[in-house]
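J.: In this note's numbering, the protein residues as written are 18 to 418.
Heads up, the beta-carbon is just placed ideally off N, CA and C, and yes, glycines get one too.
Dropping the structure in here first, questions after.
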Amino acid sequence: MSLKEIKYIPRNLKDLLIEMKDTSELMVDLAYSAMVYDDEDIAEEVLHLEEKMDTLHYHMKMAAMLSTRRIDEAEEMVGVLQVAASAETIANAAGDIAKIVEMDMGIPLELKLALREAEETIVRATINENSDMCGRTLGDLELEVETGMWVIAIRRHDDWIYDPHHDTRVRADDVIFARGHDEGVPLLVELATQRAYTPRKVEHERVLRDLEKAVDIIVDMKNTAELSVGLAYSALLFDNTDIAEEVKALESEMDEMKYDLQHWVLETAKHVPDVNQLRGLLHLANASEFISDAAYGIADAVLRDIDLHPIITIAVRESDEVIAKIQVDGCSPIIGKSLRELNLGTETGVHIMAIKRDERWVYSPGARTMVREGDLLIGRGSQTSEEALLEMCACPVREDA
Numbered sequence: 018m019s020l021k022e023i024k025y026i027p028r029n030l031k032d033l034l035i036e037m038k039d040t041s042e043l044m045v046d047l048a049y050s051a052m053v054y055d056d057e058d059i060a061e062e063v064l065h066l067e068e069k070m071d072t073l074h075y076h077m078k079m080a081a082m083l084s085t086r087r088i089d090e091a092e093e094m095v096g097v098l099q100v101a102a103s104a105e106t107i108a109n110a111a112g113d114i115a116k117i118v119e120m121d122m123g124i125p126l127e128l129k130l131a132l133r134e135a136e137e138t139i140v141r142a143t144i145n146e147n148s149d150m151c152g153r154t155l156g157d158l159e160l161e162v163e164t165g166m167w168v169i170a171i172r173r174h175d176d177w178i179y180d181p182h183h184d185t186r187v188r189a190d191d192v193i194f195a196r197g198h199d200e201g202v203p204l205l206v207e208l209a210t211q212r213a214y215t216p217r218k219v220e221h222e223r224v225l226r227d228l229e230k231a232v233d234i235i236v237d238m239k240n241t242a243e244l245s246v247g248l249a250y251s252a253l254l255f256d257n258t259d260i261a262e263e264v265k266a267l268e269s270e271m272d273e274m275k276y277d278l279q280h281w282v283l284e285t286a287k288h289v290p291d292v293n294q295l296r297g298l299l300h301l302a303n304a305s306e307f308i309s310d311a312a313y314g315i316a317d318a319v320l321r322d323i324d325l326h327p328i329i330t331i332a333v334r335e336s337d338e339v340i341a342k343i344q345v346d347g348c349s350p351i352i353g354k355s356l357r358e359l360n361l362g363t364e365t366g367v368h369i370m371a372i373k374r375d376e377r378w379v380y381s382p383g384a385r386t387m388v389r390e391g392d393l394l395i396g397r398g399s400q401t402s403e404e405a406l407l408e409m410c411a412c413p414v415r416e417d418a
């Protein structure tokens, strides 16, 4: 395969870093979903985005070299290039996960079916010109209510809209990517494409031994990989060594999970007539670990006290998905309520990645996790979502008598 020539085009460093961050994070979401749901279309999108990341990284390196003239400027640029290189590594790992689908690597179907019960799905659909969605904003459509799905990205020809807002208008031929539960997929696809949704036929395979353990490991690896990336960018944004140390600890945990999954594959291979059925799991374990390693590479800039160029903080702050850090004061109305009761995803659009309670961290808190006084909430969402969360957590205004 011939290498594609990349022509240099002057780009702003901040804009490049923002686009690399948003693209790599989207690729991780899409890649895991493509693997679990055997979706070749989404896998193909991931591989196209991987090529885009190569171009972005090239422009990033060129812009960095052209922007420095003195030693102190070059030293500040080291952190920028380290973050950019880690983002590309994350993208490459996501591409490796997508190749599990493209190359038809073996992952037992019954394992995928079990994973589908534990995970939300991502669906891809092209907007038909006769669809009621054409010309309307996402806020007008209220897809979360009507279908139970919400749009996480839109591809418009070669341009991408990451984390679209309520005022984002949908156009004919837009390719939308939406997240939600299986029940909402037919509703959204039929609304977007104006064609009947035809689910893929699934033929069940023989039962694997200790299937629950493999499912638990893979779900934990996926959640840990995504959490590591989110926390790594949080560490950069807040220049927080504690958060960076947690990313380092997660990287070590990911190593253990990788070894556990490899051990499960080797044990299960004794009872499977065709070991090729399990080859994709080894590929998945390696790719997930690469994502965690790359996240540690981002956090390492904080741990080693590298002088971070202000552009890094600006880029993380201005990306479509921002990191929110909120301390829960003793007068906050959310104290004593569970995350299910608060329904933060719907009410604010913020996903809580972790909670720091005293000196302990709670990763990927569940619906029954109660909010306590003094909790430090780390979440991700849009800037509008962050404002809604701040408002929800704020102490009531006392009226003077």
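Can you check the segment 325–381 for any alpha helix (DSSP H) of at least 4 residues that lies completely inside it and give the ranges in chain order?
T.: Runs found: 327–335, 356–359 and 361–364.
J.: Measure the beta-carbon distance from G398 to H368 and round it to whole angstroms, keeping in mind my assumption that it falls under 8 Å.
T.: Indeed they touch by this definition, with Cβ atoms about 6 Å apart.
J.: Once DSSP output is grouped into helix, strand and coil, what is the label at G96?
T.: Note: G96 maps to helix in three-state DSSP.
J.: Looking only at its chain, what residues have a beta carbon closer than 8 Å to the beta carbon of Q400, apart from the 5 residues adjacent to it on each side?
T.: Cβ within range, chain order: V339.
J.: Just the Cα atoms here: how many angstroms apart are E42 and E67?
T.: E42 and E67: Cα-Cα distance of roughly 12 Å.
J.: Decide if N360 is buried, meaning its Cβ has at least 16 other Cβ atoms within 10 Å, or exposed.
T.: The residue in question, N360, is exposed, as its Cβ has fewer than 16 Cβ neighbours within 10 Å.
J.: Take S305 and list the residues in its own chain whose beta-carbon comes closer than 6 Å to its own, dropping the five residues that flank it on each side.
T.: So the qualifying residues of the chain are M238 and A242.
J.: What do you get for V140, buried or exposed, if any count of 16 or more other CB atoms within 10 angstroms of its CB means buried?
T.: By the neighbour-count rule (16 or more Cβ atoms within 10 Å), V140 is buried.
J.: When DSSP labels each residue in this structure, what does T386 get in the three-state scheme?
T.: Coil, per DSSP.
J.: Name the DSSP beta bridge partners of D56, please?
T.: Its beta-bridge partners do not exist; DSSP assigns none.
J.: Roughly how many angstroms separate the alpha carbons of N145 and A189, rounded to a whole number?
T.: Their backbone Cα atoms lie some 6 Å apart in a straight line.
J.: Within the present structure, is the beta-carbon of T210 separated from the nearest heavy atom of the ligand NAD by less than 6 Å?
T.: By its list of ligands, the structure shown contains no ligand whatsoever, and the ligand NAD lies outside what it can speak to.
J.: Using beta-carbon positions only, say whether M166 and L205 come within less than 7 Å of one another.
T.: Yes, they are a contact pair.
J.: State the DSSP-derived secondary structure class of Y179, mapped to helix, strand or coil.
T.: Strand at Y179.
J.: Indicate the three-state DSSP secondary structure (helix, strand or coil) for G197 in the structure shown.
T.: It is a strand residue.
J.: For the beta strand (DSSP E) holding A428, just list the boundary residues, first then last.
T.: Residue 428 lies beyond the stretch modelled for the chain, which goes from 18 to 418, so this question has no answer here.
J.: Tell me whether the segment 80–98 and the segment 288–308 touch, counting them as touching only if at least three CB pairs, one residue from each stretch, are closer than 8 Å.
T.: Flag = no, the segment 80–98 and the segment 288–308 do not touch.
J.: Could you tell me whether the segment 105–115 touches the segment 297–315, using the rule of 3 or more Cβ pairs below 8 Å?
T.: With the cut-off at 8 Å, the segment 105–115 and the segment 297–315 touch.
J.: Quick one: what's A142 bridged to in DSSP?
T.: According to DSSP, A142 bridges with I193.
J.: Going by CA-CA distance only, name the one from K354, E335, P350 and S355 that's closest to E403.
T.: Of K354, E335, P350 and S355, the residue nearest in Cα terms is E335.
J.: Is T154 closer than 7 Å to D184 when the C-beta atoms are compared?
T.: Yes.
J.: Taking I395 as part of the beta strand (DSSP E), name the residues at either end of that continuous run.
T.: Per DSSP, I395 belongs to the beta strand (DSSP E) from L393 to G398.
J.: Restricting to Cα atoms, I'd like to know which of E270, A115, E62 and V100 is closest to L30.
T.: Per the Cα distances, V100.
J.: Closer than 8 Å is the cut-off here; do at least three beta carbon pairs connect the segment 378–393 with the segment 321–332?
T.: Output reads no: the segment 321–332 does not touch the segment 378–393.
J.: What three-state label does DSSP hand T85 in the structure shown?
T.: In this structure, T85 counts as coil in the three-state DSSP scheme.
J.: Which residue's Cα is closest to the Cα of S251: H182, E273 and V319?
T.: Checked all of H182, E273 and V319; the closest Cα to S251 is V319.
J.: Between R186 and the rest of its own chain, which residues show a CB-CB distance below 6 Å, the 5 nearest in sequence each way excluded?
T.: T154.
J.: Going by DSSP, what residue range makes up the alpha helix (DSSP H) through I234?
T.: Counting along the chain, the alpha helix (DSSP H) containing I234 begins and ends at L228 to F255.
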